[in-house]
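Taking it in order: structure first as C-alpha cells, then the write-up.
In our numbering, the protein residues as written are 43 to 1283.
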C-alpha cells in the first residue's frame, strides 16, 4: 500500500512537471512566432513627403515625384549629362526622385556641433530626425526609452558624401571618419537616444531596409530588444549612381520606374528614409499603444551561385516567399496583395513576376493577388526601398484602398500572366475588410548582392482604422471638472517653439485625431505632457474652447503676448511657497475651485469639519457656509471677523496646497505671513491637521474677543527711516511688519498711527490704512497672549519636513525653538519680518516664489525684495476665474523650470479619447540649417568629368581604343602617323577656339546658404505698390511686425509718370528720414509698363531726395531649377532693370527679391531677414518654415560655362565690378510640403 502511495505521488509530480514543460514550450514557440506590432512610422521621400500621411496622399492621388536633378548639391549637371548613352563619366538621364532639403539638419537639437554636423553624412542626420519622429508618432516620449533595450536596425547602401572631397579640410579632421562610417549610422542613433539594445547597420543593397526589419523582428521575439527602430536611408550626395548605372544601360531615360509594364525601360534612381517603431504585439496591447499594422512573418535568403552576381534569381525569390508564409503560419490564399520590388527593368520585373505567379498565383478561386510597386511614384529609393513599400501597405490597410501603379501602359508582355492569379494594379481597387478574415499584404525587396527579403503584413485587429474609433469634436474639455485645459509646448529654441505652436494649431484647425475626426482639449493636453519630451524653451496655453486655443496658438506662433499664453525659458533655482495672512480674505474664495477639483473640495470639507468641532460657539454658522457665502449676505460679511477670517484663510490655503501637491508641487521652503505661518507649519509637517486647526481657531477667537479699536497703516518707508519711533508714540504704536525694503506697517492706537501716517504723507510718501478688525502685532494683542499660550500647550509639535522661514527672525529657526508654545506666542505679538524672509530665500538660491492666497498681495510685496531673475507668482488673481488663475500659475511655475506632474492635472483623462483612438500630435518642429560640404566648381564632387584628360578622345586613348580615336579625329584606323598628327592638330585648334568662345559664355548657378534668425527693422519704410496688386498687405504687415513703421504709397496701375510718382513720394515722406523702400511695382502692370514704371520710380526717388536703398519685390521672375517655374514675365523685366540700376546707382540700390505665388508669413519673414541683413551688399540668412522646416537661402553666381567637349580645369567665377551683387530669390512656393527658400545673387 505504501508503494502504491509513493507511485501515485511520483506520477502526480511527473504529470505536473510535464504540464509545466509543455506550457513553457508553448510559450517559447509562441514567442518565436509572435506577431510584431508596428506602432510608429516616420519618413521623408521625394515630392515633399515628410510624413506617412504625406506619403499616402502622394500615392493615393497618383502623383509622380520624379523630377530634375537637385540644384542644391553642387552637381554640374551640364558637364556630366549627355542624352546619348555611352560617354564615360556621364549620365543619359537628368531626372530622379530626390529629397528636398536633404542638406538641412537641426544639429543643436541633438547636441551636435556645426563642425561635426558639416562632416556628417546627411544619411546619419536624417536617421536621427526621422527616428525621433517615429517615436513621437507612436505616442512615446523618446526620453523615456533612455537606458532601455531598444534596438536600432538601419539599412544603408551608398556612402558618397565624403568622397566628393579632394582633400580633408583642417577643421573637419577627426570628424569625417565617424561622420561617414556605416556602423555609426545605427550607433549614433543608439548613442544619442541612450538605447542599449542592438545597433546594427545592414547593407544588402536594395533589400537593406527589409532585411533590417526582419532582424528587428527576430530581436524582439527573442527578448533581445524591448522596442526596435527599423528602416533604411539613402541620400545621393554625388551623381555617381547615375553615372554607374548609365554605364550599365540600366537607367530609364525619363527617370521613371515603369514597374511590370511593357513600357519598362530601366530603373529610376531615388532616395528617401523610412523608420518603423516595432514592439511585440502582446506588449503593444498591454501598454495601450496604437497598432498601425502587424508583421506576421518575414524571411531572408540568398541567390547563391546563380546565373550572375547581380542577376535576379526566380527560384530563390519563390523560396523566400514560402519561408515568410511558413514563418507567419499562412498560405498563399491568405494574402491579398504584394508590394513588389518592381524596379522597372526588362530583366528583373519579369523574373519577379514569374516567381509571384509560381507562389501567390497558384491559389484556388477567382480572386487574384494584386501586384503593385511604389517605385512608380517615387523611383527606386535603394536602401529605403523596402521600408517605403511597407509604409505604403500599412497606409493602404488603414485606408482600405489599393492604389494604382503608375506608368503601366499594359502588363509586361514578357510575363505569362495566364499562368497564375496575379494582376497588376493598373487602376485603384477598393480593399474593404471581410468579416472573419484579416487583410494581409506581402512586401518584397531584392538586393543587387543577391539577398532577398519578404515580409507579410496584417491589418490590426480593429480593422481599416487600425483600432481607431471616433473622437469628440474639439469643444469644452474637462480636466477634473474644470473647463480650463493647459496645453504644454516646448522646444530647444525660441524659433522652434514658434514652429511647435504653428504645427499644433494645425491639429486644432483640422481636427487632429488619429482618424482625422477631431480631438478633445483634454485629450490633446494629456498627450502633450505624456507623449512629448520637455525642453528648456516652454509655453503653456491655458484655454477652454477651440477658438480660444486657435487665437492663443496664433499669438504664440507669431511671438505676440496675449492672455492665456505663458512663455519663457527655464532657469535653475529653488521654489518657495508663500502663505498669505489676514486682510487678503474675501467672500466666496475657493468656491470655484471647490466645484472644479475634488481634491480641493475634500480638503476643504475635512478642515472645515475640524474647525467646526474646535469652535466654542455652536450657534454660529459653519466655516464652509461662511467661506462660500455671497459677499452681501450676513454669513458672507462674517468673513471680515477675525474669528472666521483666520480659520477660513487656513482652510483655503491648505486645500489649495493639497491640490497643487497632487500636481507635483514640492517646495524647498515655506514662508507664511502672520497667520499664514500656521498654514506653512502644517504643510511642512510641524503640526497635524487637528492641532493646526485648533491653534488657528483659538488664535482667531482670542483676537476677535479683544476690544475693537486701533489701526494698521502701510507706509512707504524703510525700517531705518521709521525706527526708532518718536518717544511720544513708542508705547502706543508698534512696528508690526517689514513687508519690503520700503514698505513698513505700523499698528496700535488709532489716533497715534493715523497721526504718524499723516506725517509721512506730508513728506510725499504713500500711506494706506489696512482693512483689519484689530491692531495686530501691537500692544493691543497682549491681553490674549496668556490664553493663546495655554492653547498652544495643548498641541503636539514635530520637526518640520520642509524648512519653515520664521516671521520672527526672517530665517528658519531650530526645531527646538519653533516647536514650542513660546515661539507661537512671540510670533503673534512680534514684528512680521516678511521682507527679511524673502531676502534670505533668495540668498539660498530660490528663484521662484508661489503665493498661496486669495489674491496677489504677497507676490507684489515679495517682488519688491527679489532681484531678477527671481519672481513671485500668485496662485489666484482677483480679476480671473479661480480655475484659470491657478492653472496659469501652474503654467508659470512650469515655464520657470519647476517640476510639474501633469499626469495629476489630467487625472481621469485617458490617453484614448472617445471610442479608443489616440490623439495624433504633430512631430517636433526641427530648426534646420544647411550643412553641406561644398566643393569647388568643376571638382569631382560636382561633375562627372573634369581635367585636361576629360572627354571621349582622351578616354579612348587611355583605353587604347584605336577605332574610336580614328573616328573622333576623322581618319582611317590604319592612317599614317603624319595623318594622325595633322588631324590631332586640327582637333586641338578647334578645341582652342571653343575654349575662347567658352570664355564669353556664362551660366547662373544658385547655391543655398544657411538660415538664421529673422532680422529687425526700424524707422520709416516706404512700400510702393500699384493699388493693392501683389502681396502688398502681407509684406506691409511683415515689415511692421519686425519693427518698421510702414508708409504705404499707392499709385495707379501702369502709372509711368516720373512727376506723378515724385508727388506721391513727396507727400508720403513729408521731410521724414526713410530707412528703406520696398517696391511692388510691376505686379499690376503689363511687361512694358512694369519696366517703365520701375524706371520712373528710381528717378522719382532721386528727385525727392530719398537716399534709402530700394528693394524690388517680384514674383516668378527667375528659377533656381527643378520645379521652380518662371511665371512672371513683367517681373523678369524688373529684374533686367535691377541689374542696370545696381551698376549705375549702387549706393541707393538694395536688391531684387523674387517670391512665390503664395506669399505667407514665412516668406515675408524671409524677406524681412534679407532687408535687415543688408550692409555693404547682400548678406542672406533666412529662416523660412513650412511644417516646421527651416531653410536657408540660395546664393547665385555667374560661372564660365564650359562647352560640351570639356575644356579641362575648373570653371572660373565671373566677377565684374559693374555686376550687381544683390539679387535675391525666395523660392519655391506653392509646392506641397516644400519650404520657401531665399536665393541671393
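Note that beta-carbon positions come from the ideal geometry of N, C-alpha and C, so glycine has one too.
Source: prediction; values computed, not measured.
Continuous alpha helix (DSSP H) stretch holding residue 1106: start and end = 1100-1111
Any beta-carbon of chain B closer than 9 angstroms to the one on residue 1011?
-> In the structure shown, chain B cannot be found, because there is only a single protein chain.
Classification of residue 1081 by the beta-carbon crowding that lies within 10 angstroms, buried from 16 upward = buried
Residue 124, buried or exposed, once every other Cβ within 10 Å from all chains shown has been counted against 16 | buried
Which term fits residue 569, buried or exposed, when burial requires 16 or more other beta carbons within 10 angstroms of its beta carbon?
-> buried
Beta strand (DSSP E) containing residue 711: first to last residue?
-> 711-714
Taking the alpha carbon of residue 1211 as the point to measure from, which residue in 321, 747, 1083 has its own alpha carbon closest?
-> 1083
Output yes or no for whether 9 angstroms exceeds the beta carbon distance between residue 693 and residue 621.
-> no
Which word fits residue 515, buried or exposed, when buried means at least 16 other C-beta atoms lie within 10 angstroms of its C-beta?
-> Its pLDDT being 36, under 50, residue 515 is placed unreliably in this model, and the coordinates cannot settle the point.
Residue 161 and residue 227: beta carbons closer than 9 angstroms?
-> no
Residues bridged to residue 83 (per DSSP) = 318
Around the Cβ of residue 75, are there at least 16 other Cβ atoms within 10 angstroms (buried) or fewer (exposed)?
-> exposed
Note down, in chain order, each residue of its chain lying with its Cβ closer than 7 angstroms to the Cβ of residue 585, except the 5 sequence neighbours on either side.
-> 527, 591, 594, 606
Cα-Cα, which of 863, 484, 186 is closest to residue 834?
-> 863
List the whole-angstrom C-beta distance separating residue 1128 from residue 1172, where the pair is believed to meet the contact cut-off of C-beta under 8 angstroms.
-> 6 angstroms
Give the C-beta separation of residue 846 and residue 609 to the nearest angstrom, bearing in mind that I take them to be a contact with Cβ-Cβ under 8 angstroms.
-> Residue 846 to residue 609, Cβ: 33 angstroms. No contact.
Which of the three DSSP states, helix, strand or coil, is assigned to residue 55?
-> helix
What do you get for residue 801, buried or exposed, if any count of 16 or more other CB atoms within 10 angstroms of its CB means buried?
-> exposed
Please check the pair residue 715 and residue 782, which I expect to be a contact at CB under 8 angstroms, by giving their CB distance rounded to whole angstroms.
-> Their Cβ separation, rounded to whole angstroms, is 12 angstroms, which puts residue 715 and residue 782 out of contact at 8 angstroms.
Pull up the distance between the alpha-carbon of residue 275 and that of residue 196, whole angstroms please.
-> 8 angstroms
Under a three-way DSSP split, which group does residue 903 fall into?
-> helix
Buried or exposed: where does residue 302 fall if 16 or more other Cβ atoms within 10 Å of its Cβ makes it buried?
-> buried
Could I get the ranges of all uninterrupted beta strand (DSSP E) runs contained in the region 400-446, with 3 residues as the minimum, in chain order?
-> 411-414
Using a Cβ-Cβ cut-off of 8 angstroms (strictly less than) and excluding sequence neighbours within five positions of residue 188, which residues of its own chain qualify?
-> 235, 236, 237
Hey, quick one: how far does the alpha helix (DSSP H) through residue 738 stretch, first residue to last?
-> 731-746
Taking Cβ to Cβ, would you say residue 485 is nearer than 9 angstroms to residue 444?
-> no
Taking the alpha carbon of residue 1189 as the point to measure from, which residue in 666, 1152, 1123, 180 has its own alpha carbon closest?
-> 1152
Can you say whether residue 343 is buried or exposed, counting buried as having 16 or more other CB atoms within 10 angstroms of its CB?
-> buried
By the 10 Å Cβ neighbour count, where 16 or more other Cβ atoms means buried, how is residue 45 classified, buried or exposed?
-> exposed
Give the DSSP-derived three-state secondary structure of residue 844 in the structure shown.
-> coil
Is the region 666-686 touching the region 643-658 in the sense that three or more CB pairs, one from each, lie closer than 8 angstroms?
-> yes
Rounded distance between the beta-carbons of residue 942 and residue 705, thought under 8 angstroms | 6 angstroms
Ordered along the chain, which non-local residues of its own chain (more than five positions away) have a Cβ less than 6 angstroms from that of residue 205?
-> none
What are the partner residues of residue 146, as DSSP defines its beta bridges?
-> 972
According to DSSP, which residues form a beta bridge with residue 786?
-> 757, 780
Assigned exposure category for residue 1034 - 16 Cβ within 10 Å defines buried = exposed
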